[in-house]
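Participant:
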Amino acid sequence: MTNLKNLRGMVDLLPSQSQGWQKVESIALEHFSRAGLQEIRTPIIEQTELFSRGIGENTDVVGKEMYTFEDRGGRSCTLRPEGTASVARSIVQHGLLNNGPQRLWYRGPMFRYERPQAGRQRQFHQIGVEFVGLASVMSDAEVISIAWDFLKDVGLNDLTLEINSLGSNKDRNVFKEELKDWLIQRFDLLDEDSQKRINLNPLRVLDSKNNSTKELLLEAPSLNDYLTNESKTRFDYLQTFLDNLHIPYKINNNLVRGLDYYSHTAFEITSDHLGSQATVCGGGRYDGLISELGGVQTPSIGWAIGMERLIILAGEKILRSKSPDVYVIHRGERAEQVALEITCKLRSHNLNIELDYSGSSFSKQFKRADKSMAKWAIVIGENEASKGQLLMKKLRDKQKDVETKEYIFSKEDLDHLIKKLID
Ligand code: ATP
Ligand code: MG
């Protein structure tokens, strides 16, 4: 029988890694809660039409990357490639905007059929924020600041925030025609992908990763020159907000984002330490999406962070597992009773306790306790157990080589014990 393996690009998150993920997620949750955001959870599978309408037929995501299949009832279903379209659908379907603007966050797996490499998988995870029903430039700045502050708090430095304005639909349509003409005149100089995009989605050519195309594009007409004064003023105002928040940024006129529903603000947060998968966070304003999905025209802005890339950047530090506060060493039947009892009690006081399961000699258990990097050991032998006592031992501090101290407590003397543990 052959051994079964995971599908290509679908990755197991192993126990040694999950603690780092949990830490990053808990930092995110704190930030979201402080910003008054509420969580939304939508299904992983949706009607294919949601994504073809909400993302755009001519994008790579819809054209090449979706996991689409027919279910047993003959419906075309798709594993979600991103979160925004589903969130927007849910908002429209449940009339959430009747309660006012929605400030939401989500997290979960997304699926895209791409070539797997470092920072690029077929099942990957995003954590994202959507502000739906807010038009002001202040909301653009707030949304960006939530991403920026969160990433800083995870410990990421060397990040670059790039911003651009895509203008209104009208600005962009005029520009699209000009750009198309310019590209057609240089058709033979373009890479094959870009040649295909000219008619389908000329803006996407600006997003090309091909080096010679990129060089050619330096001379291309710039969307910035086609913005109306109103759009330009809006973009300037965003910069004033960011300056005031001391969030550094670069203007990148070629930043167009892959998805069709964006307008005005587009932004990405990148890092030099991610190789060619440099973008850790992508977002922007999508004023056209809710109406595309059957709702009323609703200004909205959001972002998504790729968890795998974020974890790569956070590095070893965040992945290291948390050491327990206490390692519980015990020997004998009566001691076992007390050991589990005291473990549960201390855990209910928010302490992190590891309970020995080896049943080996005290000296071997002490070795395990040292290895766990716990600060304290609680030791319960038959003798202690019969007297209703616990022995507490400070474990050798690897760095400082501090003296080992021992304390004896009665089992009931929990408050005293806890005080000692958190000192
Ligand atoms: P890229 O240009 O890297 O393909 P994208 O523009 O397709 O990114 P978005 O749709 O904006 O990405 O998704 C937001 C974030 O999700 C990205 O910045 C990235 O961090 C992450 N992401 C996107 N696709 C993948 C993937 N296949 N594997 C891992 N992370 C991904
Ligand atoms: Mg992509």
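Its first residue numbered 26, the sequence shown is counted upward by one per residue in our numbering.
All C-beta atoms in this analysis are idealised placements derived from N, C-alpha and C, irrespective of residue type, glycine included.
1. Rank Gln72, Ser111, Glu409, Leu186 by C-alpha distance to the C-alpha of Ile276 and give the top, closest one.
2. Does the region 318-329 come close enough to the region 357-372 that 3 or more CB-CB pairs lie under 8 Å?
3. Given a cut-off of 7 Å, decide if Phe175 and Ala53 are closer than it, judged by their beta-carbon atoms.
4. Taking the Cβ atom as the reference point for each residue, do Arg114 and Leu75 lie within a distance shorter than 7 Å?
5. Could you check whether the Cβ of Glu82 sits closer than 6 Å to any heavy atom belonging to the ligand ATP?
6. What's the gap between the Cα of Tyr382 and the Cα of His374?
7. If you draw a straight line from the alpha carbon of Met35 to that of Arg334, how long is it in whole angstroms?
8. For the ligand ATP, any of its heavy atoms closer than 6 Å to the Cβ of Gly6?
9. In this structure, does DSSP put Ile169 in helix, strand or coil?
10. Do you know offhand how far Gly357's Cα is from Asn28's?
11. Rank Asp206, Cys306, Val117 by C-alpha distance to the C-alpha of Ile171 and give the top, closest one.
12. Arg259 to Gly192, Cα distance in whole Å?
13. Leaving out five residues on either side along the sequence, give the residues of the same chain with a beta carbon under 7 Å from the beta carbon of Val534.
14. Does the distance from the CB of Gly108 to the CB of Gln151 come in under 7 Å?
15. Identify whether Ser288 lies in helix, strand or coil by the three-state DSSP scheme.
16. Three or more beta-carbon pairs under 8 Å between the region 76-92 and the region 224-233, yes or no?
17. Whole angstroms is fine: what's the gap from Gln146's alpha carbon to Glu139's?
18. Buried or exposed: where does Gly125 fall if 16 or more other Cβ atoms within 10 Å of its Cβ makes it buried?
19. Hey, would you say Asp206 sits closer than 7 Å to Tyr251, going by beta carbons?
Facilitator: In short, the structure shows the following:
1. Along the sequence shown, one-based indexing puts residue 276 at 251. The shortest C-alpha separation from Ile276 is found at Leu186.
2. no
3. Your numbering for residue 53 matches position 28 in the sequence shown. Your numbering for residue 175 matches position 150 in the sequence shown. Closer than 7 Å, so yes.
4. Position 89 of the sequence shown, counted from the first residue, corresponds to residue 114. Position 50 of the sequence shown, counted from the first residue, corresponds to residue 75. Yes, the Cβ-Cβ distance between Arg114 and Leu75 is below 7 Å.
5. Walking along the sequence shown from the start, residue 82 turns up at place 57. Not so, every heavy atom of the ligand ATP lies at least 6 Å from the Cβ.
6. Position 357 of the sequence shown holds residue 382. Position 349 of the sequence shown holds residue 374. Near 22 Å, if we compare the C-alpha coordinates of His374 and Tyr382.
7. The count along the sequence shown starts at 1 and reaches residue 35 at position 10. The count along the sequence shown starts at 1 and reaches residue 334 at position 309. Computed Cα separation, rounded: 15 Å.
8. Nothing about residue 6 can be reported from this structure: the residues present for the chain run from 26 to 448 only.
9. In the sequence shown, the residue the question calls residue 169 occupies position 144. Helix, per DSSP.
10. For the purposes of this step, residue 357 is identified with residue 332 of the sequence shown, where counting begins at 1. For the purposes of this step, residue 28 is identified with residue 3 of the sequence shown, where counting begins at 1. Each residue's Cα considered, the two are about 42 Å apart.
11. As a first step, residue 171 is located in the sequence shown; it is residue number 146 there, counting from the start. For the residues Asp206, Cys306, Val117, the minimum Cα distance to Ile171 belongs to Cys306.
12. Walking along the sequence shown from the start, residue 259 turns up at place 234. Walking along the sequence shown from the start, residue 192 turns up at place 167. Spanning the two alpha carbons is a distance of roughly 9 Å.
13. Only positions 26 to 448 of the chain appear in the structure, and residue 534 is not among them; the question remains open.
14. The residue labelled residue 108 in the question sits at position 83 within the sequence shown. The residue labelled residue 151 in the question sits at position 126 within the sequence shown. Yes, these two residues count as a Cβ contact at 7 Å.
15. Here residue 288 refers to the residue found at position 263 when the sequence shown is read from its first residue. Note: Ser288 maps to strand in three-state DSSP.
16. yes
17. For this step, residue 146 is matched to residue 121 along the sequence shown. For this step, residue 139 is matched to residue 114 along the sequence shown. Going from the Cα of Gln146 to the Cα of Glu139 covers about 7 Å.
18. Taking the sequence shown and counting its residues from 1, one reaches residue 125 at position 100. Result: exposed.
19. Translated into the one-based positions of the sequence shown, residue 206 becomes position 181. Translated into the one-based positions of the sequence shown, residue 251 becomes position 226. Result no, Cβ atoms of Asp206 and Tyr251 do not sit closer than 7 Å.
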